[in-house]
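Colleague: Throughout the sequence shown, residue numbering follows my numbering, covering 7 to 190 in sequence.
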Amino acid sequence: MNPAVQNLVISLGAMQVARKIPFEDPQVLMYVRIGYIASQVICIAVYLYISAQIKKKNDTTVLKYVEPKNALNPDSGGLVVTTNRDYDLEETSKLLRAVYMGVAMMGFMHFYMKFTQPLFIQGLMGIKNLLEAKPVALYIFNKPAEGDLKRPFKQPPGLFGSSNPATDKASIDAAEGKPKPKEE
7 MNPAVQNLVI SLGAMQVARK IPFEDPQVLM YVRIGYIASQ VICIAVYLYI SAQIKKKNDT
67 TVLKYVEPKN ALNPDSGGLV VTTNRDYDLE ETSKLLRAVY MGVAMMGFMH FYMKFTQPLF
127 IQGLMGIKNL LEAKPVALYI FNKPAEGDLK RPFKQPPGLF GSSNPATDKA SIDAAEGKPK
187 PKEE
């Protein structure tokens, strides 16, 4: 199932469950807050552990790919030459930043705007996103880096379609400025 559709289904299901939770009860609200905080702390701890595992493994295999151009940033795109270690650290850092941004948004929504249901929903979604993260599959579940877990990671189709990095030799050679081999 498409991750975006899966997120929507889980969110809608969690909203139905959240309607039944008596958030007006201070004790229930405290338990929901503790659950949300616990889920976010688990996510942060796992991502920090993965970062330590990446550094410990120190996989310096060279990784070359052509980053697609971003419509909002004309200077983006082009050849990227990195290592598996640096790529994995960058991807884990993105996941960690997403958790921090989510906590900041939830803090604003809960304490300033007084929304309570999103605490419950985002607590569940945080754990779901953690379990689906590709670095978690590689470094916690020890799955091989093949298929969907092959670097660079393929992004699920978004609102404007999919723009995945090109890893074929022709694209990399073109980005490096190498001429195409002549056919005889």
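A virtual CB, placed ideally from N, CA and C, is assigned to each residue, including glycine. Since the model is a prediction, treat every value here as computed from it, not as a measurement.
In the DSSP assignment, find the unbroken beta strand (DSSP E) run with K70 in it and report its ends.
Modeller: Within the sequence shown, numbered from 1, the residue matching residue 70 stands at position 64. Looking at the DSSP string, the run of the beta strand (DSSP E) that includes K70 is 68-73.
Colleague: Once DSSP output is grouped into helix, strand and coil, what is the label at A176?
Modeller: As a first step, residue 176 must be located in the sequence shown, where it is residue number 170. Residue state, collapsed to three classes: helix.
Colleague: What's the gap between the Cα of E73 and the Cα of G83?
Modeller: Here residue 73 corresponds to residue number 67 of the sequence shown, with the count starting at 1. Here residue 83 corresponds to residue number 77 of the sequence shown, with the count starting at 1. Their Cα atoms are separated by approximately 4 Å.
Colleague: Along the chain, where does the beta strand (DSSP E) containing L85 start, and where does it finish?
Modeller: As a working note, residue 85 is residue 79 in the sequence shown. Taken as a continuous stretch (DSSP letters only), the beta strand (DSSP E) holding L85 covers 84-89.
Colleague: With a Cβ-Cβ cutoff of 8 Å, do P150 and P171 count as a contact?
Modeller: Residue numbering aside, residue 150 sits at position 144 when the sequence shown is read from its first letter. Residue numbering aside, residue 171 sits at position 165 when the sequence shown is read from its first letter. No, Cβ-Cβ distance for P150 and P171 is not below 8 Å.
Colleague: Can you give me the Cβ contacts of Y53 inside the same chain, cut-off strictly under 6 Å, excluding the 5 residues immediately before and after it?
Modeller: As a first step, residue 53 must be located in the sequence shown, where it is residue number 47. Cβ neighbours of Y53 beyond the five flanking positions: T98, L101, L102.
Colleague: Taking the Cβ atom as the reference point for each residue, do L144 and L155 lie within a distance shorter than 8 Å?
Modeller: Working through the sequence shown from its first residue, we reach residue 144 at position 138. Working through the sequence shown from its first residue, we reach residue 155 at position 149. For L144 and L155, yes; Cβs fall inside 8 Å.
Colleague: Can you look up N79 in the DSSP assignment and give me helix, strand or coil?
Modeller: Working through the sequence shown from its first residue, we reach residue 79 at position 73. Correct three-state label for N79: strand.
Colleague: Quick one: residues in its chain with C-beta nearer than 7 Å to the C-beta of F121, no 5 flanking neighbours on either side, listed in chain order?
Modeller: Here residue 121 refers to the residue found at position 115 when the sequence shown is read from its first residue. So the list reads M115, once near-sequence residues are dropped.
Colleague: Would you please state the rounded distance, in angstroms, between the beta carbons of V105 and G132? I believe it to be under 8 Å.
Modeller: For the purposes of this step, residue 105 is taken as the residue at position 99 of the sequence shown. For the purposes of this step, residue 132 is taken as the residue at position 126 of the sequence shown. Their Cβ separation, rounded to whole angstroms, is 7 Å, which keeps V105 and G132 in contact under 8 Å.
Colleague: If we require 3 or more residues per run, which beta strand (DSSP E) segments fall completely within the stretch 76-156?
Modeller: 84-89
Colleague: Am I right that L95 and M112 are in contact with their C-beta atoms under 8 Å? What's the rounded C-beta distance?
Modeller: By 1-based counting over the sequence shown, the position of residue 95 is 89. By 1-based counting over the sequence shown, the position of residue 112 is 106. Not confirmed; about 26 Å, so no contact.
Colleague: For L18, tell me which candidate among I127, S57, I60 has the shortest Cα-Cα distance.
Modeller: If you number the sequence shown from 1, residue 18 lands on position 12. Checking every option, the nearest Cα to that of L18 belongs to I127.
Colleague: Between the C-alpha atoms of P28 and N13, what's the straight-line distance to the nearest angstrom?
Modeller: Taking the sequence shown and counting its residues from 1, the one referred to as residue 28 is at position 22. Taking the sequence shown and counting its residues from 1, the one referred to as residue 13 is at position 7. Roughly 24 Å separates the two Cα atoms.
Colleague: Per DSSP, what kind of secondary structure is K63 in: helix, strand or coil?
Modeller: The sequence position of residue 63 within the sequence shown is 57, counting from 1. Helix at K63.
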